[in-house]
Amino acid sequence: MSGENSEEYLSVNRNTRITWEGCSVLLDVNDGDRLVFSRLTGGSKIKIGNKNCSLQPLIGCPFGSTFQVEDGEDGPHLSRMTSSVEGGESVDAKNDHSPMEECRDNRAIVDNNTAQSLTGEDIDDMRRKGASGYEIVEALISNSATFEKKTAYSQEKYRIKKQKKYAPKVLLRRPFARSICEAYFKKHGERIGYLRVDTLSLLLSLANISPNSDVLVVDMLEGLITGAVAERLGGTGYVCNTYRGTTPYPVGIIRMFNFSDETCQRIVHCSLSELKAISTSANKFEDDRGSPQNGDVESPSAATSEESKGGGIKAGKKAPSEAINSWKENGFSSLIVAAPKCDAWDIVKELAPLISYSASFVVYHQYLQPLATCMHKLQTEKMAVGLQISEPWLREYQVLPSRSHPVMQMSSAGGYLLSGTRI
Amino acid sequence: MLPVDPAVKLSFNRRITAGDLVIVYERHDSMKPVKVAADGVFQNRFGAFKHSDWIGRPFGSRVLSQKGGFVYLLAPTPELWTLVLSHRTQILYIADISFVVTFLELIPGSVVLESGTGSGSLTASLARAVSPNGRVFTFDFHEQRAASARSDFETCGLTDLVSVSVRDVQGEGFPEELTGRADSVFLDLPQPWL
Numbered sequence: 001m002s003g004e005n006s007e008e009y010l011s012v013n014r015n016t017r018i019t020w021e022g023c024s025v026l027l028d029v030n031d032g033d034r035l036v037f038s039r040l041t042g043g044s045k046i047k048i049g050n051k052n053c054s055l056q057p058l059i060g061c062p063f064g065s066t067f068q069v070e071d072g073e074d075g076p077h078l079s080r081m082t083s084s085v086e087g088g089e090s091v092d093a094k095n096d097h098s099p100m101e102e103c104r105d106n107r108a109i110v111d112n113n114t115a116q117s118l119t120g121e122d123i124d125d126m127r128r129k130g131a132s133g134y135e136i137v138e139a140l141i142s143n144s145a146t147f148e149k150k151t152a153y154s155q156e157k158y159r160i161k162k163q164k165k166y167a168p169k170v171l172l173r174r175p176f177a178r179s180i181c182e183a184y185f186k187k188h189g190e191r192i193g194y195l196r197v198d199t200l201s202l203l204l205s206l207a208n209i210s211p212n213s214d215v216l217v218v219d220m221l222e223g224l225i226t227g228a229v230a231e232r233l234g235g236t237g238y239v240c241n242t243y244r245g246t247t248p249y250p251v252g253i254i255r256m257f258n259f260s261d262e263t264c265q266r267i268v269h270c271s272l273s274e275l276k277a278i279s280t281s282a283n284k285f286e287d288d289r290g291s292p293q294n295g296d297v298e299s300p301s302a303a304t305s306e307e308s309k310g311g312g313i314k315a316g317k318k319a320p321s322e323a324i325n326s327w328k329e330n331g332f333s334s335l336i337v338a339a340p341k342c343d344a345w346d347i348v349k350e351l352a353p354l355i356s357y358s359a360s361f362v363v364y365h366q367y368l369q370p371l372a373t374c375m376h377k378l379q380t381e382k383m384a385v386g387l388q389i390s391e392p393w394l395r396e397y398q399v400l401p402s403r404s405h406p407v408m409q410m411s412s413a414g415g416y417l418l419s420g421t422r423i
Numbered sequence: 001m002l003p004v005d006p007a008v009k010l011s012f013n014r015r016i017t018a019g020d021l022v023i024v025y026e027r028h029d030s031m032k033p034v035k036v037a038a039d040g041v042f043q044n045r046f047g048a049f050k051h052s053d054w055i056g057r058p059f060g061s062r063v064l065s066q067k068g069g070f071v072y073l074l075a076p077t078p079e080l081w082t083l084v085l086s087h088r089t090q091i092l093y094i095a096d097i098s099f100v101v102t103f104l105e106l107i108p109g110s111v112v113l114e115s116g117t118g119s120g121s122l123t124a125s126l127a128r129a130v131s132p133n134g135r136v137f138t139f140d141f142h143e144q145r146a147a148s149a150r151s152d153f154e155t156c157g158l159t160d161l162v163s164v165s166v167r168d169v170q171g172e173g174f175p176e177e178l179t180g181r182a183d184s185v186f187l188d189l190p191q192p193w194l
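Chains as they are written, first to last, in UniProt numbering: chain A, 1 to 423; chain B, 1 to 194.
Next up, the structure:
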C-alpha cells in the first residue's frame, strides 16, 4: 500500500480493525511478557529471542491476530497463526476431562539440573533441521526424566514455559487508550505519572468527556490524557492543552493512537496567559507545527516520524483564534488537570474561572495530600459542589479451572482523583 | 443531557428554561432530578422552591426557597443521572461504568449491544460514548422495566441514540439483523455463557 492510501485510511476508517501500512501497533510478545510499540513499515522489525523478524507480514491483518516465528529460506519470519496450527491442542484436550483426583506431588522431584537429557546443541541441531517450535517442545518433554512425575497442572506450566522460549507468540494489538495506558503503566510508569488504566477510565467519566465538548487539559503525562480525551471526542469539539509560560508540554504519546485527520485537528494548545487575556486581538504566536518528538517506548528500527508520511495534518497545533474566542464566551465544558509535579490548588484556582458553570472537573495526582488541600480550598472558597476524592482499585485474576486466584503481584498505587462540579 | 445537542451544551450564556432537566443538589449524597415547568414547585426540607425563580438563571446557580433555605441547580450528566435515577433493579455505579466504557473501546460512531437494560444507568454512559452517530441497542426481558427505561431516556434526551427492546437475550441471543453490526457487546446476565 502506498503512502497516499494510508492517508485515506486515516481520514475514513477511524474504527478499522485491519492494519495498514504505516499504522501504529502494539505488539504483545508471549501473553504480556513484553510489550512493544511499533509502526508497520516495510523496514520495521522486531527482535524475538535472538532473531530479528520483519513486521511486513503483519500489514493487512486484523488486529487480534497471533503470529509465530517460523524459519524460512530468508531466515526467521513471522507467520499468522490460525487456531488449527496452535501447538496448544494437546493442552486443551487435557483440560476437557473433569478434574480427577491428582495423586502425584513433588516429594520425589529433586531440582539438580539433571532431568533434561537434551542439550543446547541438540536443540540447535533440531532447529537447523527445520523442526518447528512445537516439535522442539515435545522433544523436551519426552526427554525430561521428571515430567511424568509432575502433577497435571505442573505439566501444563512446564509446557507453557517451554513454548514461551522455543515457540514464542506475538499478538497484534490495537493501540487504544486502554492498551496504551496498560503498556506504559507496566513499562514506563513514571512517564505517565503512574496513572493506571482504571484511574484513567474513571477520570474520563467523571470529567463528563462527551463528543462536541470543549475540554481544557493540563497534561504533563506525555499526552496520554490528551490522546484518551481526543479518542472520546471522535473528531468533534476540542481538547486544548494549556500551560504556564511559553512552551506546551510534550505530547508524544498521541502518535501511538492512529488518529484520523479530523481528530488530529481537534487537538490544540494555547498558553494560559492567552486564555486569560481580556482582549482577543490577532494571534501574536506563530503557528507551532506540532509537538517535540519524544522517544517511543520501544521501537527497534521504526525510523518513520510524522513528517515523512507526506505532511498529513498533525495534532498539537496552536488553537485557532475563533476557538479561543468561543471558549472565552462560553467557557470550556470540562477541565482535567494531571500535573504530578505541580501544586493542584495553584493550577485549579487559575483555571476554574475558564470553565462553564456546572461544568465537571477532575484533578489527578499520584498522592493524596495535594488533592486534600485543593479540595479543602475549593470548599472554603465555595467554588465547587459534589467534591469527591476517589482512589480506584484494580485487582487482576488468573482464571483457570481450580486455579482461579488473584495474580501474585498487584498494583497498590494507581493515583487519586479529585472531582467536582463548578458553581 | 449530551452536548451534541447544541441547545443543551454548557455555556456561560446558557439559561435554564421550561422543559429542562435539572439536578437539584442539596448535599453530595442528596440530589434529585426535576423537570422544570413554568408553574412547578419543588418541595424539600429546606422549603418550597418555585420553578419560575429558576427559569432564566444559569446552571450552577444557588437558589433560595421561600423560607430562605437553598439548593444548587446542576446540569445533568450521565454521572449525576446514575446517582439520582430511580432504582427498579440494582444498578452499576461510576467505577464499574467507567471501566466498562474504556474496556469496550467505544468511540463516537460505535454500535454497542447491551443486555439487560435494568434501570438504564450504564446505558446513559454508553449513549454518551457513542454519540452523535453511534447507537446503543439495549434489551431487557421485563416489559414494564423496558418501558420505564424508555421513558427515562426520553427525559434525558437520549432517544435518538438508544433503542430499547423487550427480549430474553440469555434464552434467545441477540436479534439476527444485528449480526455483524456491533462493535462491542455488554452482558449483565446470570448465565452469559449460554
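Every residue, glycine too, gets a C-beta built ideally from N, C-alpha and C. Please read these numbers as outputs of a predicted model, since none were measured by experiment.
Please report how far the alpha carbon of residue 363/A lies from the alpha carbon of residue 123/B, in whole angstroms. 26 Å
Going along the chain, which unbroken runs of the beta strand (DSSP E) with 3 or more residues stay wholly within the stretch 100 to 142 of chain B? Runs found: 111 to 115, 135 to 140.
I'd like to know if the stretch 120 to 135 of chain B and the stretch 205 to 219 of chain A are in contact, where contact means that at least 3 CB-CB pairs between them fall below 8 Å. yes
DSSP state of residue 64/A mapped onto helix, strand, coil: coil
Name, please, each residue of chain B whose Cβ falls closer than 7 Å to the Cβ of residue 357/A. Per Cβ cutoff of 7 Å: 12, 58, 59, 60.
The stretch 406 to 417 of chain A touching the stretch 190 to 198 of chain A, judged by at least three CB pairs closer than 8 Å: yes
If we cut at 7 Å on Cβ distances, does residue 361/A have a partner in chain B? It does not; no Cβ of chain B falls within 7 Å.
Own chain partners of residue 300/A with C-beta closer than 7 Å, once the 5 adjacent residues on each side are dropped: Note that residue 300/A has pLDDT 33, beneath the 50 cutoff, so the model's placement of it is unreliable and the number below is only indicative. Excluding sequence neighbours, residue 300/A sits near 45, 46, 47.
Straight-line gap, residue 141/A to residue 132/A (C-alpha atoms, nearest Å): 15 Å
Quick one: any contact between the stretch 168 to 178 of chain A and the stretch 17 to 31 of chain A, if contact means 3 or more CB pairs under 8 Å? yes
In the stretch 26 to 59 of chain B, which residues sit with their C-beta less than 7 Å from some C-beta in chain A, listed in chain order? 28, 58, 59
Do residue 333/A and residue 359/A have their CB atoms nearer than 7 Å? yes
Could you say which of 178/A, 348/A, 382/A lies nearest to residue 374/A if we only look at CA atoms? 348/A
Could you work out which residues of chain B lie near residue 211/A, taking near to mean beta carbons separated by less than 7 Å? 4, 108, 131, 132
Determine the chain A residues that contact residue 97/B at a beta-carbon separation under 8 Å, and present them in chain order. 205
Determine the burial state of residue 254/A: buried for a count of at least 16 other Cβ atoms within 10 Å of its Cβ, exposed for fewer. buried
Could one say the Cβ of residue 69/A lies closer than 7 Å to chain B's Cβ atoms, at least one of them? Answer no: the Cβ-Cβ gap between residue 69/A and chain B never drops below 7 Å.
Residue range of the unbroken alpha helix (DSSP H) whose run includes residue 372/A: 369 to 380
Tell me the residue span of the beta strand (DSSP E) that contains residue 24/A. 24 to 29
Find the nearest neighbour of residue 166/A within the set 49/A, 40/A, 353/A, 396/A, judged by alpha-carbon distance. 49/A
In angstroms, rounded to a whole number, what distance separates the CA positions of residue 147/A and residue 69/A? 26 Å
Determine which residues of the stretch 136 to 163 of chain A have a Cβ less than 8 Å from any Cβ of chain B, and write them out in chain order. For chain B, none of the residues of the stretch 136 to 163 of chain A brings a beta carbon within less than 8 Å of one of its beta carbons.
Selection from 38/B, 156/B, 110/B, 145/B that minimises the alpha carbon distance to residue 16/A: 110/B
I'd like the span of the beta strand (DSSP E) that includes residue 125/A, first residue to last. Residue range 120 to 128 is occupied by the alpha helix (DSSP H) that includes residue 125/A, with no beta strand (DSSP E) assigned at that position.
Let me know the secondary structure DSSP gives residue 332/A once reduced to three states. strand
Three or more C-beta pairs closer than 8 Å, one from the stretch 15 to 26 of chain B and one from the stretch 390 to 401 of chain A: is that the case here? no
Taking Cβ-Cβ distances shorter than 7 Å, what residues in chain A pair up with residue 74/B? 358, 421
What span of residues does the alpha helix (DSSP H) with residue 136/A cover, start to end? For residue 136/A, the enclosing alpha helix (DSSP H) covers residues 133 to 142.
Three Cβ pairs or more, each shorter than 8 Å: is that satisfied between the stretch 246 to 263 of chain A and the stretch 212 to 229 of chain A? yes
Please list, in chain order, the chain B residues whose beta carbon lies closer than 7 Å to that of residue 323/A. Per Cβ cutoff of 7 Å: no residues; residue 323/A is ~14 Å from chain B at best.
Would you identify the three-state DSSP class for residue 214/A, choosing helix, strand or coil? In the structure shown, residue 214/A sits in a strand (DSSP, three-state: E or B).
Secondary structure of residue 93/B, DSSP reduced to three states: coil
Outcome for residue 392/A when other beta-carbon atoms lying within 10 angstroms are tallied against a minimum of 16: Classification for residue 392/A: buried.
If you run the structure through DSSP and keep just helix, strand and coil, what is residue 51/B? helix
Per DSSP, residue 170/A forms a beta bridge with which residues? For residue 170/A, which the question treats as bridged, DSSP gives the partners 29/A, 67/A.
Could you tell me which chain B residues have their CB closer than 9 Å to the CB of residue 177/A, listed as they occur along the chain? 102, 105
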